[in-house]
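J.: Take this structure first; my questions come after.
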Amino acid sequence: MNSSRTSDIELLAMFLVKGVAMELYLTPKPGLVDLNDCGSHHDLSLAIMERSIRIVADYLDQLCRSLAAGEEFARQAAIGRRAEQTMLASLGTNTHKGYLFLSGLLLVAAWHAPAADERSFRDRVAALAGDFFAAQGEQATHGQQQRALHGAGGIVREAMNGLPALFDEAVPAYLAALEIHEHPKMASFAMLARLMQTVDDTTTLHRCGSMGLSRIRRDGRQLERLIAMGEECEPFLQSLNREYIRMNLTMGGVADMLGLSYGYLLACGCLLGFPERNTPLERKSGRRNPSEGFSGAA
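Our numbering puts the first residue of the sequence shown at 111, with every later residue one more than the last.
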């Protein structure tokens with residue numbers, strides 16, 4: 111197997127791990143675990159989330175080796191199921207279950223995409239998602255129950271549509287805000303605001319129903335307005351966190367997409383000047399248009 115392609119996919123895996131860590135450390139995030147508190151997740155902590163990220167890293171490393179060995183997609187799906195089981199057995203929670211699926215899907219799609227452009231990449235994501243869900247069928251998960259109850263698409267529709275929340279919402283929001291404000295944390299909150307408005311978050315629906323999802327979308331619009339006006343948004347986010355804790359409201363699907371977006375932006379060289387906790391990211395000398403995709407495409 112081409113060693114350059116293998117190196118490219120390993121680099122993408124590393125960025126996807128960095129991305130989910132950056133999501134964790136972005137503070138404040140209403141209802142979610144961050145550097146301040148555990149949000150609405152009384153069963154979680156920063157330490158548990160960091161242990162979970164190490165499981166994500168091991169999983170993506172196994173996927174890279176499977177892809178380089180030319181194994182079939184069914185084998186990679188099995189690796190994902192085993193990672194879910196490991197996470198639940200080790201931590202007593204499947205906190206990054208959605209991210210395991212999304213990051214793995216992105217990694218496998220990048221390997222198999224016929225060309226290094228966004229359209230080919232998205233088409234491959236959608237095709238792989240279709241194969242995956244056709245093979246496994248709907249299972250009795252909280253996500254499936256909320257999709258049936260509320261008519262929400264959730265992660266299934268998101269994946270089968272080629273990740274529009276990533277490509278059409280989060281990435282453009284980040285880049286537009288960075289261009290205007292020249293501040294990566296403000297751009298991160300702009301990305302969060304856009305995802306709050308657009309993700310069909312089944313964890314939100316499970317906790318608080320359609321009223322909870324409406325609340326998160328309304329708050330996302332308000333956050334977006336504050337950012338557009340150049341106002342300080344952290345006090346607003348801190349206030350939301352207190353309210354979400356009181357309501358037991360969270361947005362795990364938004365968190366998963368935020369981590370995935372960070373990983374993709376890192377892979378495209380577009381995440382500039384953002385400090386990573388403990389190990390600062392080196393600033394790249396230039397950025398590539400995200401629509402150009404990954405150099406590791408076939």
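For every residue, glycine included, the Cβ atom is placed at its ideal position computed from N, Cα and C.
Values in this document were obtained by computation on a predicted structure and should not be read as measured data.
Does the pairing of the region 128–143 with the region 181–195 give three or more beta-carbon distances under 8 Å?
T.: no
J.: Would you decide whether Asp241 is buried or exposed? Buried here means 16 or more other CB atoms lie within 10 Å of its CB.
T.: exposed
J.: Please return the same chain residues whose Cβ sits closer than 6 Å to the Cβ of Gly373, not counting the five positions on each side in sequence.
T.: Phe125, Leu126 and Gly129
J.: Specify the secondary structure class of Glu181 as computed by DSSP and reduced to three states.
T.: coil
J.: Can you have a look at Arg232 and say buried or exposed, based on whether 16 or more other CB atoms are within 10 angstroms of its CB?
T.: buried
J.: Could you check which residue in Phe211, Ile290, Asn146 and Ser117 has the C-alpha nearest to that of Gly340?
T.: Ile290
J.: Three-state secondary structure (DSSP) at Cys174?
T.: Secondary structure at Cys174: helix, using DSSP grouped into helix, strand and coil.
J.: Is it true that the region 347–364 meets the region 282–298, where meeting means three or more beta-carbon pairs spaced less than 8 Å apart?
T.: no
J.: Can you tell me whether Glu342 is helix, strand or coil according to DSSP?
T.: coil
J.: Can you tell me whether His252 is helix, strand or coil according to DSSP?
T.: Since pLDDT at His252 reaches only 49, below the 50 mark, its modelled position is unreliable, and no value is offered.
J.: When you compare only the Cα positions, how much space is there between Ala258 and Gly272?
T.: Below a pLDDT of 50, predicted positions are generally treated as unreliable, and Ala258, at 44, falls in that range; no measurement from the model is reported.
J.: Between Ala226, Thr308 and Ala123, which has its C-alpha nearest Phe171's C-alpha?
T.: According to the sequence displayed, residue 171 carries Asp and not Phe. Ranking Ala226, Thr308 and Ala123 by Cα distance to Asp171 puts Ala123 first.
J.: Taking just the CA atoms, how far does Arg356 sit from Pro282?
T.: 32 Å
J.: For Glu279, count neighbouring C-beta atoms within 10 Å of its own C-beta (all shown protein chains included) and say buried if the count is 16 or more, exposed if not.
T.: By the beta-carbon neighbour count (other beta carbons within 10 angstroms, threshold 16), Glu279 is buried.
J.: Say yes only if the C-beta of Tyr135 is nearer than 7 Å to one or more non-hydrogen atoms of the ligand NAP, and no if none qualify.
T.: No copy of the ligand NAP appears in this structure; indeed no ligand is present at all.
J.: With respect to the alpha helix (DSSP H) encompassing Ala244, which residues constitute its N-terminal and C-terminal limits?
T.: Glu228 to Gln246
J.: Less than 8 Å between the C-beta atoms of Leu302 and Leu375, yes or no?
T.: no
J.: For Thr312, name the three-state secondary structure that DSSP assigns.
T.: helix
J.: Alpha carbon to alpha carbon, how far is His206 from Thr196?
T.: 11 Å
J.: Less than 8 Å between the CB atoms is what I'm expecting for Leu350 and Ala269, so what's the real figure, rounded?
T.: About 28 Å; that fails the 8 Å criterion.
J.: Use the C-beta contact count for Arg304: other C-beta atoms within 10 angstroms, 16 or more gives buried, fewer gives exposed.
T.: Buried, because 16 or more other Cβ atoms sit within 10 Å of the Cβ of Arg304.
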